[in-house]
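Chemist:
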Amino acid sequence: MRRARLARNWTLEDVAEEIDLHTPGGHSGVTTSMVSSWELGRHTTSIGHRETLCEIYGQPPDALFAYQDERLITRGTPKLVTGFRDLQQAMLAVVTGAHECLVVMGSRSRDRAYLGAIEQALAERLTLVHYRVLFGPPHHRVLKDHLARLLRLRDPQDRNLGIKTLHLGVVDDIQGSPERFFARVSRWR
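Throughout, our numbering is defined as the position within the sequence shown, counted from one, plus 36.
(1) What three-state label does DSSP hand residue 182 in the structure shown?
(2) Quick check: what's the CA-CA separation for residue 188 versus residue 102?
(3) For residue 69, count neighbouring Cβ atoms within 10 angstroms of its own Cβ and tell me buried if that reaches 16, exposed if not.
(4) What are the partner residues of residue 203, as DSSP defines its beta bridges?
(5) Span of the alpha helix (DSSP H) holding residue 71?
(6) Let me check understanding here. Comparing Cα to Cα, which of 50, 57, 207 lies closest to residue 143?
(7) In three-state DSSP terms, what is residue 43?
(8) Buried or exposed: which applies to residue 168, given that a residue is buried once 16 or more other Cβ atoms fall within 10 Å of its Cβ?
(9) Could you tell me the distance, in whole angstroms, from the CA atom of residue 39 to the CA atom of residue 152?
(10) With 16 as the cutoff for other CB atoms within 10 Å, does residue 41 come out buried or exposed?
(11) State the CB to CB distance for the pair residue 148 and residue 178, rounded to an integer number of angstroms; the pair is presumed to be in contact (CB under 8 Å).
(12) Based on the DSSP output, what are the partners of residue 130 in its beta bridges?
(13) Assuming residue 166 contacts residue 202 under a Cβ cut-off of 8 Å, what Cβ separation, rounded to an integer in Å, is found between them?
(14) Count the other C-beta atoms from every protein chain shown that fall within 10 angstroms of the C-beta of residue 173, then say buried if there are 16 or more, exposed otherwise.
(15) For residue 138 versus residue 164, is the C-beta spacing smaller than 8 Å?
(16) Does the separation of the CB atoms of residue 97 and residue 86 fall below 8 Å?
(17) Going by C-alpha distance, which of 150, 181, 146, 190 is nearest residue 162?
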């Protein structure tokens, strides 16, 4: 990110002002010290600011933020997922890496590869405990079929291993559900 700024011969103040110009209302709250911290890798740039900076510099996230993301990976801390393909890979990695417990939330999934990976994990790892929390009823046929296959793979009442290994639940309060709250928060900058 610093190279992109210096290539334009901009100061930290110039970047903060440019971000303000790209922000509805004209005030982003970004300070020169924040920009400096992003450039030095002391802080990770948020998704909203990443989008704005990619637009300003005309460069993809990999070009501007690879140094920040690499630091996150090497520290063993959570990785910032910045696109659908990355999200798919991260979700599949969670499923394939689950050995004791797999918790999945949501009632809108229709990613066949992801749902198939869940089914395969449950078929191969009989002691893997699976929790599926739906927010309202399932919305897509693909998910409904997936849930039916889970019930064929495992009986939610079975305790042959001393515990239940399949838990299915529905959150009825859709308006106050965490899924909707998180969706609103993710749009903030």
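The beta carbon of each residue, even a glycine, is placed where N, CA and C say it ideally should be.
Modeler: Here's the rundown:
(1) helix
(2) 44 Å
(3) exposed
(4) 167
(5) 68-76
(6) 207
(7) helix
(8) buried
(9) 43 Å
(10) buried
(11) 6 Å
(12) In DSSP, residue 130 forms no bridge with anything.
(13) 5 Å
(14) exposed
(15) yes
(16) yes
(17) 190
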